[in-house]
Amino acid sequence: MSRAPVPLPTASPAGDRSPGRGRLRRRGAAAVAAAALVVGAVAGAVAPERATAATTGVGAGSYTTTLPAGAALPSGCGDLSTNPRAFVTANAPKGAVPTNDWWSPLLFKRLDCSFGEPMMAHPASYDTDRGGLGISYTTTPVITGTARGVGEYKFPYTRDLEVGVAGLDAPKVMVDGWTDWTVTPVWSDGTRTLKATIGHGLPLSYYQVTGGQAQIRTDDAPRVWSRTGATVGFTVRGHDYVAYAPTGATWSQSGSTLSSTLGGKGYFSVAVLPTTPASTDATRTALATSYGRYAHAVVTGTKLTYAYNTRTAAANARYSFTTTRREGSGAGTVVALYPHQWKALNGGTPISQTYVSPRGMMKTLVGASSFLTSQVFRGVLPEVPAVATSQGADKATLTALLAQVADDPAGEQKPDTYWAGKGLGRAARIAEIADQLGSTAVRDKALASIRSTLTDWLTASPGEQDHLFYYDRSWGTLIGYGASYGSDAELNDHHFHYGYFIAAAATLAKFDPAWAATGKYGGMVDLLVRDANNYDRADARFPYLRDFDIYAGHDWASGHGAFASGNNQESSSEGMNFAGALIQWGQATGNTKVRDAGIHLYTTQAAAIQEYWFDVDGTNFPAAFPHSAVGMVWGDGGAYATWFTADPEKIQGINQLPITGSHFYLGYRPAYNGTNYAEVVRNRGGEPTVWQDILWEFLALGDPDAALAKYRADPGFTSEEGESKAHTFHWIRNLAALGTVDTRVTADHPMAMAFTKGGKRTYVVANISTKALTVTFSDGRSVAAPAGRTVAAGARTWSGGSAGAVPTTPPTTPPTSPPPTSSPTPTAPPASPTPTAPPTSENPTTPPTTPPSSASTRYLRADGTLGAAGSAGTVVVAAANGNYDGTPHAARTFTATGVTGRWSGRTAFDLSVDAGTGVGNATQVRVSYDLTGNGSAERVETYRYFATDPVPGYEHSTQGTQLLSSSGTGGDLEGGTVTVQVWSAIGSGPTTLGVGATSRVVLPLS
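Residue 1 is where the sequence shown starts when you use full-length UniProt numbering, and the numbers rise one by one after that.
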């Protein structure tokens, strides 16, 4: 999927605070290069309104267990909306189902309702179909794009072979089980069954079959280089594989098909070997023999355990494998390690052969039952200390900048969890800075803003529709409404959104510990932590570490991962915002389990980011890939691109924001910061013109003097939406005094760090507790910190802040509704027919038919009508070439006349839209109701625009985008007219709209 730069509109979308800064973030939109669009239910179909809402109290806070009217639920094929176990067998683990994983398309089916999309396990990749499990080991990258524009590299899934049972013709694949980084899919056609176990880092895949012979069909003629009894080694398209049958069994070959009766034992294994073009048949055979010792030691369990050693600052993680021997005596298994793992390996020696992967070289341990990694935790801080801005002219400058934002610390933000979080993050930075300067009035205004916003969101009142959290027992998830970017229907981005809430709560907890107590609002904050990354295996309400891929070492943003390229993540730095928030919240509240979970996520992902987003050593990106960073990591590669823009500033800046005291990891390799910034300048053709503050703050972690010079040279810049000029100046100016992070020194306290400049070291300790403490650094230096103070000692000395002092009396706590005895179950959305792939013509192959006048479900037709389902087709929605947010422009219009029915509920729609490789496009929908057909609309609903991604393949635009505006009142229709308008709100490229059978509206009629 190539991407090309597309100019953005010069005017900002409604709600954005500055021209050209609209962030169309759509990380998990259901888009994939697929031949057919297949859905099972209207995404986010409206549940019926209820007279009362059921709430569950958590301390002084609460959440609702009644879906707010008009809110979207996780949705997909069949009855997934109400039954996330629709594709799970009875053998699978109980409790909440996992999402946001490398194998999620098997369970969270959205496009291919039978089999799902490719799964990038590494070193092998897999896909499922009617005949079994496809295996791919791609070793040659596909690179597209330009050196100064968007581009990507991929190791795409290209099937080498399919493993199955002779004659298998399964209608779908189910999930029979999972562990921390493995999954077990199962197929059955009523006569034959196939069960497979695959996992991250496993060159071996394991199979059980019934009802027929085991069968391996290669997609090219195989070259068999070894056949010894139960083992056969062969090469397909330059990739080496070995199939291991039970002792006593044999393999037969007929053309491109290998078969075995398995001696009636019903099990076998297949391995991909780490061979190269220089390999000989002798070396291949030797490897096959080495792997063969473990071929029948089936991996039946994988588990992560981790620990943080405060004294040594070591964050240790053990990755364990449970194996069940079907035969033989080999203990352990064969394991391939990613670069972030083998570079931190503590014990064990990898073999010399290596695998190619989208993450770089994987090294292999043979016979391992576990391995241990040790990362160094270098600390976090509430904020960079005011060693320079606490006095003189710099203090006067910062005080004036704080005064500019004192009355609006959160800024103007949209009313959803992501943008509310951005506002909380902005206010938290202001509170921290103002406290350091002793500006208590500004600090207390910022804290009051944080307190009121958090209290509002963390309290659900009966009948409330937004600014609340809803717990869905079926999916095991806590969804905030208003939702955005698929955080509801697709379970995208919870770590991004909730990380801002938790980080702001950590700031508030320092100053108002009573608010953060478990009996007040701390319990609700803990639920946000558990939803995004549940750290407690015993808590079955949420999946364990939902958003974090334990083995890959980083988060995935998409809940379903239904893409041809696997799952994806764009803003790694917002994932780190979540990890840092856990550390600071745990430290502020004395919850070491949360703190230590945060430290594991933080240290592991910091290493992964350096390797896979930044490639700081220049060893993981393909040699021909012309970029020093990627904006997005995909299962099969990386892209110098984003979901929302082609601007180089934002492609690189999206993995830098927000800049907080949890983001010093961005300065662990200071020379790289200059390289990264220089690429922005090269690709832009000059200094950055947007998001300058983010880029300068990032540069300041590597070259703070240069960053300060750029700040002073362009004081009229416009702040990024989550930033303020006060924070930007404070960050850059103080780093110019401190220097860069000194990675050679650690501390025996999680909120302490060292900096170095000109060979001189400054030690910083943030004591947010109510007791004095002394911190010892690894070079022997000890620093005493009074209660509630941040202290800098050494080259720079300073002490400031007053954390622990409660500022003003908090607002009265809203009443909490008692927990209900039971909660009503939301009604499932109406079933959706299975559309077929649209033809290329705009005209359907069959004429439209007129549905009954009372029909609520109407399909958008190529002839401009809203009618019954017909053959699938497409129409083109013209490019905006400007900003038409809220104003139809060159709209595609679809009309139904003579509509009669009783008004009930709310409008729902599910439109299939695709902008191809276009960047920055967004479509918008308006539905108008003329109740009597007299030409005057009594009710008009305009929905927020839907940002399309730059990947070919349909996405779903639904009413889940929420209303932008509405006018008038609905009522019963008697011969009425309903009009649907679809237009491009922003963007310079056209959009394809599916019609006939792929886009529909559900009218609120009964």
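Note that CB positions come from ideal geometry on N, CA and C, so glycine has one too.
Taking each of Arg110, Thr250, Glu383 in turn and checking the Cα distance to Gly800, the smallest one comes out for Glu383. Gly960 sits in a helix when the DSSP states are folded into three classes. Per DSSP, Arg926 lies in no alpha helix (DSSP H); the unbroken beta strand (DSSP E) holding it starts and ends at 922-930. Buried is the label assigned to Glu570, since at least 16 other Cβ atoms lie within 10 Å of its Cβ.
In this structure, the beta-carbon distance from Gly263 to Pro246 falls below 8 Å. Taking Leu931 as the centre and dropping the five residues before and after it, the same chain places the C-beta of Glu938, Gly971, Leu973, Gly976 closer than 6 Å to its C-beta, in chain order.
In this structure, the CA atom of Ala629 is about 7 Å from the CA atom of Gln652. Here Ala406 is near Val442, since their CB atoms are less than 8 Å apart. CA-CA distance, Gln375 to Ser988, rounds to 46 Å. Secondary structure note for Glu574: its alpha helix (DSSP H) is the uninterrupted segment 572-589.
Nearest neighbour of Thr89 by Cα position, chosen from Tyr612, Pro715, Ser188, Leu657, turns out to be Ser188.
For Ile198, the enclosing beta strand (DSSP E) begins and ends at 193-199. Using a Cβ-Cβ distance cut-off of 8 Å, the segment 538-546 and the segment 691-706 are not in contact, since fewer than three pairs of beta carbons, one from each stretch, lie closer than that value. Taken in chain order, the complete beta strand (DSSP E) segments of 3 or more residues contained in the segment 848-879 are 857-860, 873-877. Below 8 Å, too few C-beta pairs join the segment 164-180 and the segment 647-665 to call them touching: fewer than three.
Closest in C-alpha terms to Phe155, from the list Met120, Val175, Val165, Arg130, comes Met120.
Counted as a single uninterrupted DSSP element, the stretch harbouring Thr675 is not any beta strand (DSSP E) but the alpha helix (DSSP H) occupying residues 670-684. Cβ contact annotation for Val745 (same chain, cutoff 6 Å, sequence separation greater than five): Ala754, Phe777, Ser778, Asp779, in chain order. Cβ atoms of Leu73 and Asp488 come within 8 Å of each other, at about 7 Å.
With 16 or more other CB atoms across the displayed protein chains lying within 10 angstroms of its CB, Pro1004 is buried.
Taking every protein chain shown into account, the CB of Lys109 has 16 or more other CB atoms within 10 angstroms, so this residue is buried. Between the alpha carbons of Gln208 and Val186 lies a distance of about 9 Å. Ranked by how close their Cα comes to the Cα of Thr589, the residues Ala249, Pro358, Ile768, Gly301 have Ile768 in first place.
Taken through DSSP and simplified to helix, strand or coil, His730 comes out as helix. Rounded to the nearest angstrom, the gap between the Cα atoms of Ile433 and Thr399 is 10 Å. Secondary-structure assignment with DSSP links Asn655 through no beta bridge to anything. The beta carbon of Ala249 is closer than 6 Å to those of Ala230, Ser260, Leu262, Gly263 in its chain, skipping five residues each way along the sequence. Listed as beta-bridge partners of His554 by DSSP are Asp549. Ser329 sits away from Asp416, with the two beta carbons spaced by 8 Å or more. Counting along the chain, no beta strand (DSSP E) covers Phe542, and no H or E run does either. Taking one beta carbon from each stretch, the segment 580-598 and the segment 134-142 have fewer than 3 pairs nearer than 8 Å; the two do not touch. Sixteen is the threshold: when 16 or more other Cβ atoms of the shown chains lie within 10 Å of the Cβ of Gly486, as they do, the residue is buried. DSSP, read as helix, strand or coil, puts Trp457 in helix. In this structure, DSSP gives His239 an extended state, which the three-state scheme calls strand.
For Ala317, the enclosing beta strand (DSSP E) begins and ends at 314-325. Close CB contacts of Pro626 within its chain, under the 6 Å cut and outside five residues either way in sequence, are with Ala147 (chain order).
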